[in-house]
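Note sheet for the following structure.
Structure, rendered in structure tokens:
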């Protein structure tokens with residue numbers, strides 16, 4: 273095997289381990305995530321993982337970064353294939369709800385869970401999460417501003433408010449889906465944003481009329 277091949281295989285292994293860490297963190301919490309816990313879950317040696325991450329904190333930070341990559345791959349990436357404006361906002365929301373509905377992560381949403389877990393825990397992990405949340409909020413606001421620039425949302429719309437509502441509907445959907453009827457939670461989240469965008473958009477035909 274060539275050096276490049278070994279490096280590629282090592283990267284795939286590292287990604288698979290971090291995918292497991294993201295999933296485990298949604299069930300047991302990110303603060304409690306450790307090399308020993310992850311090794312036990314995967315059935316591998318702790319020393320093998322220690323070669324990649326020298327401390328619990330290093331593992332936690334890498335897990336946050338991998339969760340961001342998953343979000344980009346499964347939610348942001350698909351949404352960016354939609355036309356700019358309200359259709360892209362809607363595509364983003366749909367991709368997010370689809371991600372939750374597919375139960376990719378056993379505990380629901382990595383970011384919704386860790387936001388509550390770390391809101392009173394200062395330190396590098398909280399800082400990394402805050403950075404990720406800040407980028408996500410800025411991205412939502414950018415999509416709303418693009419829709420305004422295209423004339424698909426009113427010029428005087430409160431950009432931060434709309435971005436906040438988009439995120440809040442997603443968080444509410446995933447939290448309610450774990451304890452109550454998941455189909456109803458996802459349906460209400462979809463309908464809530466659809467109603468909001470259709471009410472704001474001068475050309476509501478750009479959006480679905482309703483949900484099937």
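Numbering (the numbering used here), first residue to last: 273 to 484.
We treat Cβ as the ideally placed atom computed from N, Cα and C, and that holds for glycine.
Just so it is clear, the structure is predicted and the values come from calculations on it, not from any experiment.
7 Å CB neighbourhood of residue i in its chain, flanking five on each side removed
{"i": "residue 446", "result": "372, 380, 381 and 384"}
{"i": "residue 349", "result": "none"}
{"i": "residue 400", "result": "333 and 336"}
Cβ-based burial, residue i [other Cβ within 10 Å; buried from 16]
{"i": "residue 386", "result": "buried"}
{"i": "residue 316", "result": "exposed"}
{"i": "residue 298", "result": "buried"}
{"i": "residue 275", "result": "Note that residue 275 scores 36 on pLDDT, short of 50, meaning its location in the model is unreliable and no value can be drawn from it."}
{"i": "residue 342", "result": "buried"}
Which of helix, strand or coil DSSP assigns to residue i
{"i": "residue 375", "result": "coil"}
{"i": "residue 385", "result": "helix"}
{"i": "residue 424", "result": "coil"}
{"i": "residue 467", "result": "helix"}
{"i": "residue 392", "result": "coil"}
{"i": "residue 356", "result": "coil"}
Integer Cβ distance of residue i from residue j, believed to fall under 8 Å
{"i": "residue 483", "j": "residue 470", "result": "Incorrect: roughly 12 Å between the Cβ atoms, too far for contact."}
{"i": "residue 442", "j": "residue 368", "result": "5 Å"}
{"i": "residue 303", "j": "residue 418", "result": "Their Cβ separation, rounded to whole angstroms, is 37 Å, which puts residue 303 and residue 418 out of contact at 8 Å."}
{"i": "residue 314", "j": "residue 330", "result": "Contact doesn't hold; Cβ gap of about 17 Å is too wide."}
Cβ neighbours of residue i in the same chain (closer than 6 Å, five flanking residues each side left out)
{"i": "residue 424", "result": "357, 358 and 473"}
Spatial neighbours of residue i in its chain, beta-carbon cut-off 8 Å, leaving aside the 5 residues before and after
{"i": "residue 365", "result": "438, 441, 442, 461, 462 and 465"}
{"i": "residue 353", "result": "363"}
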